[in-house]
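Report on one structure; see the data block that follows.
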Ligand SMILES: Nc1ncnc2c1ncn2[C@@H]1O[C@H](COP(=O)(O)OP(=O)(O)OP(=O)(O)O)[C@@H](O)[C@H]1O
Ligand SMILES: Nc1ncnc2c1ncn2[C@@H]1O[C@H](COP(=O)(O)OP(=O)(O)OP(=O)(O)O)[C@@H](O)[C@H]1O
Ligand SMILES: [Mg+2]
Ligand SMILES: [Mg+2]
């Protein structure tokens, strides 16, 4: 029983990650109609904003030792964290909380990246065929990825959650299990709540303002919306910036769970497209529902009991579910007719 | 009118000219193992320098065979070409073919995964060139997929398990319940098979063996079932990013803080590398595993290599770099000793070759399967690293005879070495 | 016994009764016009004939066979063609290709895999297509890409496409909307000439009364989803119900 | 400004045109479609723009509204002293230009009401949505329906309603009667008169030339992208040759 | 489409000549070795096949690599079980890939647009994931399916040596290479290349016929307006399915040929990025044109093979004539784009081509040609490109 609850928690946690990653993609792909293969790269960039920020915070001053040498004969380097030297405990606190603090940095950076990307490149591709959008954004993704690689290498870079959030929470006790039956990492709860807040925020923004409607209209028919006096370009740019920010934040918060490396984005790219499409093109609630659905099913498919019945099911569950849903529901879970069907 | 002529048939593929000989360094330059590949390439370039008499000579000075003297190989200057395996067997073979067909490489070496090693080894066998394996740890490379033209200096899964077992027994006792998470592909399976057999020999009980998809990213759904499974030890048969993530997450799920069956819960990572340890950060501290070589070894040969490498590049070499460096030297030495570039002569010179002074103590290239037998290092994540490269500490060196197995050991059975192929 | 018999057809869209117990009988080789105010359900009715919509209840018989539940392409193969209210053409292809496709479809049935025949070699089909284009006055433009045409031209092209199939029943949804008066007149003449020269039945929806009264042998007036009047053209103009619902009092 | 004397309204030679196009040329890619069109209209006038299929009427209207295509390469467009030719489509719209396009361009995925709301997002606002529903009760009944599922005629009403939802100075109507039942045509004619009484200047493109000329003050006939006739509507109605040659009426 | 300047026959003859001369043309570029030339031909076939589906119908399959993989596996199994002769292997490759395409196509074509793409992607990914793990007994997983000395090979006579046999055509080995010296240039004439090239020509010819056939016209019509086609009496599903299966069989052929040239079938052949690469080749060259996909495939394979081999040593060699400092700086910069940085170059090329040459390399060349030579040259290129849109002629006066 405890195992089932744990898998549900895993599913929700995974689902929140999937939903959050897919959210940014829905904004661009489902709403602006751009097949953005660089979305994963935005996610990855978010993660590396955190890495960079942490590196900056833990910047060390280097002095060369006069007495000791390394195994290869050069003088030993003595390193001292600058921040600690300057600010003492507050410096340490900052380093400890670097992931959370980097959110504040990531928001403007990712927004600017999104805006630059849209103004510089994507805007020329709104009315171009999807295939060309794929080519250009895939190229962009590779370029971004390689740039990150030149600075950070190909290896994963470990990133820790703040000390206070690193431990476990005994969630089972809440549900009346024995202590120790259903422990779950605190950080994953944090991620879950963060995802819910961001998703809710984006929802509210699009639901309670006309912004969403205008952008949808702009995607359906840019020209007519322009003829109604609306500067749709600005809104598209803003939307892109928003999507980039959401993608980046998803990456920032994911770093303690998955040590980022330069390929992080590509790994999530296919998955996020599947989530968006299974959810139904153009539907935000659809993407979120699909994210959670796939997360939970994936968790359950990975249980030994299930794998014994269907070997390898955990390898393909996501794709299998995608096929089944798309065949039974022509436009995914909550998709609207006519969006990206041609 | 232009004259057409067919070039004279050679006795073997890519017979070198009078002045130079070309090696093919086939390493991952893109993908998850790109850093490892880059380190391998550094080692190769260093080896070439040393062979050609540049630099301080590195392990040429400590190598027990004195055949090489820094004047190239059989008087020919060593040149090299490089290529990208992308850690895909297809791409690796395509790259190796280009080295053989276009650049005239007489020996191919490199790679960072067993799938690639087996695939390229097969190609070299068919093409008639020598393959000196890079980092490949699967039993199959010199087991069921062994080839007469292929040689491996790196250790394998069986050896890791055999080396780890005594240390695990000494530290964690003989009454443990182990839970395996295994990367779901050939290397993972041989690793799992080997370590499970070795630990069961100690008296450990194997609670479960769970296969995880390659590149799963988030392993939480495989980790939570461990919590209430009654297991008190987790064995992670993962490598690369999978290992970094599964270990990080296992620690995150508090496994190491748990008490099960009255014992502290433990995690074991049979195959370690420094680059992975770097990726897993804090989480490796105190975790046992095995490694082929480590730069902190104090023997003369290792130190000579670390010095040469460190002065060239400013940081110590990885185990992959060490293997690649050694492989290059061993090949060159075999040619020099045999006096012939013909792959069959090289193979003959390497088969049954015993040497020392390459950093792992006395070593044997066994004729039966072209596997090297040498001491294996058992390491542990260091609690107080003094710098970013000082992540592992050597806790024990399991002597060669404890990790040696019979050529027809069931885990290595099947397949034939075949005959050496000189091509042409 | 008409070629097209519609009985008790109903169609709802959510809360809206778009077709309310429609009965219609179209005699073979006549021109039957359907008129009615906007939103009366005329296009919806046509959609029920061609398989785009399935009526909730009721029967639609064509040539003695039911059309209900059949796929659009099957219905077309039976000899029913349709011109849409907003032109539906192959915008990326040339005008000539646009007209050749229906001929291929007609000749080859629903599917024929003939990758080794060359379009170029199909002179019979091309001649036929050029003939059709000649009839609608677009022959000189035949190598133009269809997307670059003005809207009136697109309409005429679509008509040529349908005529190329020599259908038994041709459904025209506002064929002359947006056409210049001269071309409208030409279209009327064309339709008349076709109607005279071969066995064909027309069902025409049109708001241009000039067209309706020039062509129609019979007129049905649809309002709010049901047929309020069906009669000979000469009786329609004066019908007070029609005047109120459709023509408006000011109409001459 | 070469042909000013013929273009200016003859009865008020001194009054400056409220809306004027001066020698505009426009291309679709490499096809030269609008080949130097000029026109002048005074405030509150209705101009009928007539001509055969493919004459360039739609292209002219789109050029005036600054739509993406055709591309205007030369010429000036002035509305109430504002240089429209220097603006983008949305700026022109804010300056008071409204186009009711020939294919209606109802926006997919939006309900009738949302289509109208969309028109009121950018200032300046015109009629309230309720007032539009009063004019076209049918739209009110269908307010929650997706706009593109409306019948052809209903879509036409929505397209006109959408233009009225904005506070406009120049209304460009591309075949507004197309597909409308005669009753509705009367309705719209009445509306257009009402619009004129509000002082809105209108350009109407219509195949139903008689209906258009009944309403219009002035008439222009286009042929292959050039102006071949420009005079009062009444004169055209009286000019049998012109009517027969270009309008077949 | 009608009244074109260069006839199809001329195009075909020119094509055959270029293909036959590739060993000579590629040699100075360092690309004249068998493995790479074989790739040109084989990936050319793959891209042509993909273009029959995508270029004509507009259905964007993101799972075509699965058919490639299936073709390779079939061929290697045939080598293992039956004979090293390539004929049975290729027949099985094409057949099995065709059956796979029929099944996947039948299901996936029930949806259109992005939904179709995701369905094909899902099927391909499932194939890949399973091939890599639980299907290892059939696929040999990560390592890839290889020949072994103890394979049965029932049709071939008992083995004679300790060496693996090579795929051959009735005794003619695929890896048989003759090196000839043409004016000091070493030209490698490899049987495997000419064998693949023969298939490339055949594939090109068939594709050309399809493009020009009523069947092809129907496919183009599917792309522009499927709805209209339905109301014109055409059931589009059999057409799209036929196109899908044909293009799947092309991929199967390509996969089989890959195995003939190098008898190993790896699971990565089916991963989504491999499918993506096919898409990229096609778009880079020019989707919907006859030659574009082949050019795209050649460019990408060339870049992959050559760029990654320029390590810093090689690059430094290029700048040796410069003063040391400058040479170092240049080396440092250029090395970022080659060797292990070759992906960066590829990414930039994608971006630049698609931004500045919409429609791909062929369309780009056509435009540039049109810009330079206005009349004469333009139409030639136009014909070679033979755009789906029938050459996008502007209004005829
Ligand atoms: N898919 C749909 N969903 C909801 N309502 C619909 C749908 N299709 C049509 N309607 C409604 O059904 C009614 C009949 O529409 P139809 O298109 O048949 O009218 P029509 O008689 O052709 O009118 P017009 O002359 O204006 O073209 C209209 O009120 C329309 O809004
Ligand atoms: N997108 C386009 N690309 C190229 N040429 C076009 C395009 N749109 C229209 N044309 C051409 O421009 C000319 C004028 O078209 P326009 O639509 O302005 O005519 P119109 O007077 O509105 O005709 P109609 O009464 O048929 O609507 C036509 O010859 C048409 O073929
Ligand atoms: Mg209608
Ligand atoms: Mg028009």
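Residue numbers (my numbering), protein chains in the order written: chain C, 992 to 1333; chain V, -12 to 411; chain W, -8 to 243; chain H, -1 to 247; chain E, 6 to 402.
Positions of the beta carbon are idealized from the N, C-alpha and C atoms, including for glycine.
Please read all numbers here as calculations on a predicted model, not as lab measurements.
7 Å CB neighbourhood of residue i in its chain, flanking five on each side removed
i, result
"residue 177 of chain W", "128"
"residue 119 of chain W", "94 and 155"
"residue 211 of chain H", "46, 217, 231, 234 and 235"
Residue range of the unbroken alpha helix (DSSP H) whose run includes residue i
i, result
"residue 195 of chain E", "Looking at the DSSP string, residue 195 of chain E is not in any alpha helix (DSSP H); the run it does join, the beta strand (DSSP E), is 190 to 195."
"residue 1084 of chain C", "1080 to 1087"
Close beta carbons around residue i, own chain, < 6 Å, minus the five adjacent residues each side
i, result
"residue 37 of chain V", "44, 45 and 47"
"residue 248 of chain V", "219"
"residue 4 of chain E", "This structure does not reach residue 4 of chain E, given that chain E is present from 6 up to 402, and the question cannot be answered."
"residue 1147 of chain C", "1250 and 1252"
"residue 241 of chain W", "Confidence at residue 241 of chain W is low in this model, with a pLDDT of 49, below 50, so the placement of that residue should be treated as unreliable; the coordinate-derived value is given next. Result list for residue 241 of chain W: empty, nothing under 6 Å."
Segment limits, beta strand (DSSP E) that includes residue i
i, result
"residue 198 of chain W", "From DSSP, residue 198 of chain W is part of no beta strand (DSSP E); its letter is neither H nor E."
"residue 7 of chain V", "7 to 14"
"residue -2 of chain W", "-5 to 4"
"residue 168 of chain E", "Counting along the chain, residue 168 of chain E falls outside any beta strand (DSSP E), and DSSP gives it neither H nor E."
"residue 20 of chain H", "17 to 26"
"residue 16 of chain W", "7 to 17"
Sheet register partners of residue i (DSSP bridge)
i, result
"residue 97 of chain H", "H/170"
"residue 321 of chain E", "Residue 321 of chain E is not bridged to any residue."
"residue 56 of chain W", "W/53"
CA-to-CA distance, residue j to residue i, given in whole angstroms
i, j, result
"residue 41 of chain E", "residue 321 of chain E", "25 Å"
"residue 388 of chain V", "residue 149 of chain V", "10 Å"
"residue 339 of chain E", "residue 318 of chain E", "11 Å"
"residue 66 of chain W", "residue 42 of chain W", "7 Å"
"residue 170 of chain E", "residue 93 of chain V", "21 Å"
"residue 32 of chain H", "residue 126 of chain W", "28 Å"
"residue 1335 of chain C", "residue 270 of chain E", "No statement about residue 1335 of chain C is possible, as the shown extent of chain C runs from 992 to 1333 and does not include it."
Residues near residue i by beta carbon distance below 8 Å, same chain, minus five either side
i, result
"residue 152 of chain V", "185, 186, 188 and 189"
"residue 161 of chain V", "189, 190 and 191"
"residue 361 of chain E", "369"
"residue 50 of chain W", "-4, -3, -2, -1, 0, 57 and 59"
"residue 173 of chain H", "100, 203, 204 and 205"
Does the pairing of the segment 110 to 126 of chain E with the segment 129 to 141 of chain V give three or more beta-carbon distances under 8 Å? no
Report yes or no: do the segment 233 to 243 of chain V and the segment 205 to 214 of chain V share at least 3 C-beta pairs separated by less than 8 Å? With a cut-off of 8 Å, the segment 205 to 214 of chain V and the segment 233 to 243 of chain V count as touching, because enough Cβ pairs lie within range.
Any contact between the segment 213 to 233 of chain V and the segment 1191 to 1199 of chain C? By contact I mean 3 or more CB pairs, one from each, below 8 Å. no
Counting pairs of beta carbons, one from the segment 332 to 350 of chain E and one from the segment 11 to 25 of chain V, are three or more of them closer than 8 Å? yes
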